[in-house]
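K.L.:
These protein sequence lines map, in sequence, to chains A and B.
Per the working numbering, residue 1 is the first one in the first sequence, and the count goes up by one each step.
Per the working numbering, residue 1001 is the first one in the second sequence, and the count goes up by one each step.
Note that beta-carbon positions come from the ideal geometry of N, C-alpha and C, so glycine has one too.
For clarity, every value in this text was computed on a predicted model and none was experimentally measured.
Protein chains: 2
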Amino acid sequence: MKTKQILTAIQILIFALVLVPSALAQEGVWKLGPRTLPASVDVSDVMRETLLKLPTIDVSAAKGLVFRTDEEWEAWAKEGNVPSAAAARALAEALSVTIQEDKIAGVNVHRVTPSAIDEDHQKHLFVYIHGGGWVRNAGIAGTIEPVLIAAHLKMSVVSIDYRMPPKHPAPAATDDVIAVWKELLKERSPASMAMGGTSGGANIMLSSVHRFKDLGLPLPGALYVGTPAVDINMIGDSRFINEGVDRNLLSWKGIPYNAGVMYAGEHDLKHPYVSPVYGDFSGFPPSYFISGTRDLLLSDTVRVHRRLRRAGVEADLHIYEGQSHGDYIALWNAPESAEHYAELNAFLLEHLAMPLTPVSTLPAGVSKEIEIPKSVTY
Amino acid sequence: MKTKQILTAIQILIFALVLVPSALAQEGVWKLGPRTLPASVDVSDVMRETLLKLPTIDVSAAKGLVFRTDEEWEAWAKEGNVPSAAAARALAEALSVTIQEDKIAGVNVHRVTPSAIDEDHQKHLFVYIHGGGWVRNAGIAGTIEPVLIAAHLKMSVVSIDYRMPPKHPAPAATDDVIAVWKELLKERSPASMAMGGTSGGANIMLSSVHRFKDLGLPLPGALYVGTPAVDINMIGDSRFINEGVDRNLLSWKGIPYNAGVMYAGEHDLKHPYVSPVYGDFSGFPPSYFISGTRDLLLSDTVRVHRRLRRAGVEADLHIYEGQSHGDYIALWNAPESAEHYAELNAFLLEHLAMPLTPVSTLPAGVSKEIEIPKSVTY
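Right, here's the structure in full:
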């Protein structure tokens, strides 16, 4: 009798575990079973040791996390900004990079400058748009990657500290990018400037370029598209496959999706100004892409890469074994990070114009000393 | 009492399900939980409908499948070759491509020729090495992708019907490729020839190029590396993450791994002649790569892509949303397949040399009719 009862209990459990979920299955929706994932092997020691130390990721809390009020969103943003600002300052000091607050066309920016600018980048500018899920990384917290870019590429960076939700949903951020871009165009050729960012920053950058096109503004000489969030909707294989595989961006559900919805404001979630994958990419500048095999936004990256290719745009895709979302920033001291910025630099050197400007390169004051006689035969 | 017994039974079950596996956990090995994966959205209708029709994949049988005798391997190879040969013939007829058996340097080859060769490919040759897990696709069964290449690129293809295990382990296959390559070099410039293949074919191609280098032979003008199997060992994130996600190559365990071990013969499984990712890629020709977000060999693809980039080789990576291993062949009528071959064609047109050959392009027989007097002043 006892054995029978136990068997019945086990049968009920099996019924609950197996039959109920399969009855709920939708067409084409696969139920992937559990699996093991060892730490990546063909990666640098820094990356491998980082992965070896990490226990299995629990995504359940992240998936359910939603904020109901502006205050909750603001508190969450602030909570993240404090350590990021500290990291940006520490990194800048360690890498001899200076960060200066400034305004361009009334928009807050940070001018991020290496101790020495590469000879080939003297006339170039990197216009950076920070990430942070549309909500985080206001102020100096948004300058971590600009510091890395300045240090690795030996290039001047202007990082746009755009307005963010909950107070300022779209199109505030792209409005700010447009204002800065118009002002920069007064003193520089568009083809001498790169524009780009990572994650939500790449989203805002790509949407901004769609808007530049619609406004008839000239486009940057090259784009940097780092593991971009190109679709606010829950679309893309990797958002399902790499949930719990990506050590940085745990799930699209929870904060990322809800921040995206808040950012979109009154826009449809498939409007190219908030989900840039839905835009027309014809005429886009040459673009550099990076993602990784563990990246939750691998699909976002390759979806836009293909859209550019279909539009006939030169677009270089780089996928790194073992990398989660933005690991080239998080693991800035891994060789893979240096490799990424070396690739980006080579791409920019190939595609950015080195404009001939009227700025004299003769020693200052020389013009006053020497007068060329009018009668001379030149 | 009954309730207590049931609870005890459940506790034992929970213990078995939760505690035992965690006790067995190794450092850095993550236990990924079950998840759902809907059919890919941002893909063509052909691909989406294919995915919508498929139920969840059961990989358990594939993982456990191993053959013990040569006869079992040979039977498995034959079983696959029959429908593949029929498909190659049907495809060739539908696409007006001819397939002719021939021998080059004593090695069986198929000459696969489109009805009309593109003007820009008149002097080019695609040297193709078929896939099939090192064991399958002997004979005409190996000509499916050559037919697609001939039809899409309007280019002549020579497909090498190399010797395979169980009778002929490595280095027989690469020996055959070397023999054909040496013979082709007698009448064509290396830079006018592309070389490539998919899956196991890309493995043999990359190993062959390592051997060309070691032998001091000139290298092809460009390489085609389709979702390559570059490592016989069970290494690479996607081999774990995409197990049961890839609809074509279900698992690396089972047949693929065991076929690889059989193919390797007396070679160490990390020898570059059988696992080409471990070779030195300096001086490799410009190379084109393709994989997909559901591909079991996504990691293999990006691992070699990065090795080439680190060696300073021009290498273009293309990753398609929703594609499993070799879907550009399996779903040859999907727009993604045409897009892939258009990309490959653009890459080859950019990188293959169009050699100036002594072959006359004047109408035949004209030379006999007109004699230029020796006394004329030219």
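Which chain A residues are close to B/Asp1120, counting only those with a beta carbon under 8 Å from its beta carbon?
P.N.:
Here the premise fails: no neighbours, minimum Cβ distance about 18 Å.
K.L.:
Smallest Cα separation from B/Ser1060: which of B/Leu1249, B/Ala1088, B/Glu1101, B/Leu1269?
P.N.:
Closest option to B/Ser1060, Cα to Cα, is B/Leu1249.
K.L.:
Using a Cβ cut-off of 8 Å, pull out every chain B residue sitting near A/Val41, in sequence order please.
P.N.:
Ile1235, Gly1236
K.L.:
Verify the CB distance criterion: does A/Gly279 have a CB-CB separation below 8 Å to chain B?
P.N.:
no
K.L.:
Mind reading off the beta-carbon distance from B/Gly1322 to B/Leu1051? Whole number of angstroms is fine, and I expect it under 8 Å.
P.N.:
7 Å
K.L.:
Which two residues bound the contiguous beta strand (DSSP E) that contains A/Asp316?
P.N.:
315-320 is the span of the beta strand (DSSP E), which, as asked, contains A/Asp316.
K.L.:
Below 8 Å, how does it come out for the stretch 182-193 of chain A and the stretch 136-154 of chain A: are there three or more Cβ pairs, yes or no?
P.N.:
No, they do not touch.
K.L.:
Looking at the secondary structure, which residues open and close the alpha helix (DSSP H) in which B/Asn1081 lies?
P.N.:
1070-1094
K.L.:
Taking A/Met234 as the reference, give the member of A/Asp214, A/Asn108, A/Ile255 with the closest Cα.
P.N.:
A/Ile255
K.L.:
To the nearest angstrom, how far is the alpha carbon of A/Ile99 from that of A/Asn203?
P.N.:
24 Å
K.L.:
In the structure shown, what three-state DSSP assignment does A/Trp380 receive?
P.N.:
In the structure displayed, chain A extends from 1 to 378; residue 380 of chain A sits before or after that span and is not available.
K.L.:
In the DSSP assignment, the beta strand (DSSP E) including B/Arg1111 goes from what residue to what residue?
P.N.:
1107-1114
K.L.:
Would you check if there are 3 or more beta carbon pairs closer than 8 Å linking the stretch 1082-1095 of chain B to the stretch 1167-1181 of chain B?
P.N.:
no
K.L.:
Which same chain residues, not among the five before or five after B/Ala1330, have their C-beta less than 7 Å away from its C-beta?
P.N.:
Asn1248
K.L.:
Determine whether the beta carbon atoms of B/Leu1349 and B/Gly1221 lie at a separation below 8 Å.
P.N.:
no
K.L.:
Starting from B/Lys1103, find everything on chain A with Cβ-Cβ shorter than 7 Å and list it in chain order.
P.N.:
Correct list: empty, because the minimum Cβ distance to chain A is about 39 Å.
K.L.:
Does the beta carbon of A/Val245 come closer than 8 Å to any beta carbon on chain B?
P.N.:
yes
K.L.:
The beta strand (DSSP E) spanning A/Trp30 covers which residue range?
P.N.:
30-32
K.L.:
I'd like to check one pair, A/Pro165 with A/Tyr263: are the Cβ atoms closer than 8 Å?
P.N.:
yes
K.L.:
Mind checking the stretch 1050-1066 of chain B against chain A and listing, in chain order, the residues whose C-beta falls within less than 8 Å of any C-beta there?
P.N.:
Leu1051, Leu1052, Lys1053, Leu1054, Pro1055, Thr1056, Ile1057
K.L.:
State the beta-bridge partners of A/Arg163 as determined by DSSP.
P.N.:
According to DSSP, which records beta bridges pairwise, A/Arg163 is partnered with nothing at all.
K.L.:
Taking C-beta to C-beta, are B/Leu1091 and A/His318 nearer than 8 Å?
P.N.:
no
K.L.:
Under 8 Å, do A/Leu297 and A/Ala229 count as touching if we go by C-beta distance?
P.N.:
yes
K.L.:
Applying a beta-carbon distance threshold of less than 7 Å, which residues of chain A neighbour B/Gly1265?
P.N.:
Within chain A, no residue comes near B/Gly1265; the closest Cβ sits about 24 Å away, beyond 7 Å.
K.L.:
Could you please give me the residues that DSSP links to A/Val43 through a beta bridge?
P.N.:
Looking at the DSSP assignment, A/Val43 forms no beta bridge with any residue, so it has no partner.
K.L.:
For B/Val1123, which residues from the same chain have a beta carbon less than 7 Å from its beta carbon, with the 5 sequence-adjacent residues on both sides left out?
P.N.:
Sequence check: residue 1123 of chain B is Lys here, not Val. Within the same chain, B/Lys1123 has close Cβ partners Ser1192, Met1354, Pro1355, Thr1357.
K.L.:
If you scan the stretch 139-184 of chain A from start to end, which runs of the beta strand (DSSP E) of 3 or more residues do you find wholly inside it?
P.N.:
157-160
K.L.:
Put B/Lys1123 into one of helix, strand or coil per three-state DSSP.
P.N.:
coil
K.L.:
When you check each C-beta in the stretch 315-329 of chain A against every C-beta of chain B, which residues fall closer than 8 Å?
P.N.:
Asp316, Leu317, His318, Ile319, Tyr320, Glu321, Gly322
K.L.:
If you draw a straight line from the alpha carbon of A/Pro272 to that of A/Trp252, how long is it in whole angstroms?
P.N.:
Approximately 19 Å, taken between the alpha carbons.
K.L.:
In chain B, what lies closer than 9 Å to A/Ser115 by C-beta?
P.N.:
Correct list: empty, because the minimum Cβ distance to chain B is about 27 Å.
K.L.:
Short check: CB of A/Thr198 to CB of A/Gly279, under 8 Å?
P.N.:
no
K.L.:
I'd like the list of long-range same chain contacts for A/Val20, defined as Cβ closer than 7 Å, with 5 residues on each side in sequence excluded.
P.N.:
For A/Val20, the predicted structure reports a pLDDT of 48, less than 50, and the residue's modelled location is therefore unreliable. The matter cannot be settled from this model.
K.L.:
Please list, in chain order, all residues of the same chain as B/Leu1109 whose beta carbon is under 7 Å from its beta carbon, the five residues on each side excluded.
P.N.:
It is Val, not Leu, that sits at residue 1109 of chain B in the sequence shown. Sequence-distant Cβ neighbours of B/Val1109 in its own chain, meaning closer than 7 Å and more than five residues away, are Asp1102, Lys1103, Val1158, Ser1159, Ile1160, Asp1161, Val1180.
K.L.:
Consider the Cβ of A/Val18: report whether some Cβ of chain B lies at a distance smaller than 8 Å.
P.N.:
Its pLDDT being 48, under 50, A/Val18 is placed unreliably in this model, and the value from its coordinates should be taken loosely. So, not an interface residue.
K.L.:
Can you name the residues of chain E whose CB is closer than 9 Å to the CB of B/Ile1241?
P.N.:
Of the chains in the structure shown, none is chain E; the protein chains are A and B.
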